[in-house]
Amino acid sequence: MAVAYYQMYRSTTIGIALEESLQDMLKRHTINQRSSQKILQEFDRSMNITLTQRTSNYLTFKAKLLSYRACDQVWTLVFKNIDLDSYDCLWAKYCDKIKFIAAPALKFDQPSVQVSTLTPTASSISGNTTRCNSSDRMRELDSQSEVNYMKNDDNEIEEMAYKKFKQ
1 MAVAYYQMYR
11 STTIGIALEE
21 SLQDMLKRHT
31 INQRSSQKIL
41 QEFDRSMNIT
51 LTQRTSNYLT
61 FKAKLLSYRA
71 CDQVWTLVFK
81 NIDLDSYDCL
91 WAKYCDKIKF
101 IAAPALKFDQ
111 PSVQVSTLTP
121 TASSISGNTT
131 RCNSSDRMRE
141 LDSQSEVNYM
151 KNDDNEIEEM
161 AYKKFKQ
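Numbering-wise, the UniProt record's numbering puts 155 at position 155 of the sequence shown, and it's gapless, one number per residue.
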């Protein structure tokens with residue numbers, strides 16, 4: 001039985017580039033449709049497993065919550081005026097708008113991976129960004145993580161995403 005993996009990483013820069021390359025190869029008849037689908041399925045599997053195992057960055061951010069939505073255990077959170085800080089890399093970024101998608105963690109065959117309940121994913125950064133570019137799409141958050149929320153006096157949301165497993 002085939003395991004289904006999240007396809008949300010196809011909307012990242014590398015996922016879009018892969019899909020465009022596969023479309024070009026299909027037009028030139030260098031691969032067939034079945035091979036193209038197999039490659040995309042392998043990309044989904046690899047992204048889900050690799051980001052679970054190799055990501056070890058800690059990140060904090062402070063932002064105003066614009067909207068949130070939950071459907072079938074998938075949360076979508078949209079923030080504005082987001083300040084991102086990294087503990088170990090000593091960098092800080094600012095984005096006008098960011099969208100997080102949190103879904104139930106998938107369980108993989110590797111027993112050494114501890115799975116948390118939510119996986120924050122910065123799937124798209126939109127709007128006018130001042131210091132973010134396409135390479136800064138926060139792939140560090142695409143891992144098995146847990147999100148804590150805390151409201152402060154200014155009615156802003158402060159969040160801490162952190163790893164729940166050892167590398």
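Beta carbons: idealized from backbone N, C-alpha and C, even for Gly.
- Item | Three-way DSSP call (helix, strand, coil) for Thr52 in this model | In the three-state scheme derived from DSSP, where H, G and I count as helix and E and B as strand, Thr52 is classed as helix.
- Message: Quick check: the segment 42-49 against the segment 59-75, are at least 3 beta-carbon pairs closer than 8 angstroms?
- Response: Here the segment 59-75 does not lie against the segment 42-49, with fewer than 3 beta-carbon pairs under 8 angstroms apart.
- Message: Check this for me: beta carbons of Val78 and Lys99, under 9 angstroms apart or not?
- Response: Yes, the pair counts as a contact, with Cβ atoms nearer than the cut-off.
- Task: Tell me whether Asp24 sits in a helix, a strand or coil according to DSSP, three-state version.
- Result: Residue state for Asp24 is assigned as helix, using DSSP reduced to three classes.
- Message: Relative to the C-alpha of Leu22, which candidate in Met8, Lys38 and Ile82 has its C-alpha closest?
- Response: The closest CA to that of Leu22, considering only Met8, Lys38 and Ile82, is found on Lys38.
- Return the CA-CA distance between Leu51 and Arg28, expressed in angstroms with no decimal places. Here the alpha carbons of Arg28 and Leu51 stand approximately 32 angstroms from one another.
- Message: Taking the alpha carbon of Ala4 as the reference point, which residue from Asn32, Tyr68 and Gln41 has its own alpha carbon closest?
- Response: For the residues Asn32, Tyr68 and Gln41, the minimum Cα distance to Ala4 belongs to Gln41.
- Message: I need the DSSP call for Thr12, collapsed to helix, strand or coil.
- Response: It is coil, neither helix nor strand.
- Item | Beta carbon of Asp83 nearer than 9 angstroms to that of Trp91 | Taking 9 angstroms as the cut-off, the Cβ atoms of Asp83 and Trp91 do not count as close.
- Item | Bridge partner(s) assigned by DSSP for Trp75 | Answer is Ala70 and Ala102.
- Under the assumption that Tyr58 contacts Tyr94 (Cβ atoms under 8 angstroms), give the Cβ distance between them as a whole number of angstroms. Separation of the CB atoms of Tyr58 and Tyr94 is rounded to 18 angstroms, and the pair is thereby denied contact status at 8 angstroms.
- Message: Helix, strand or coil, according to DSSP, for Ala92 in the structure here?
- Response: Three-state result, Ala92: strand.
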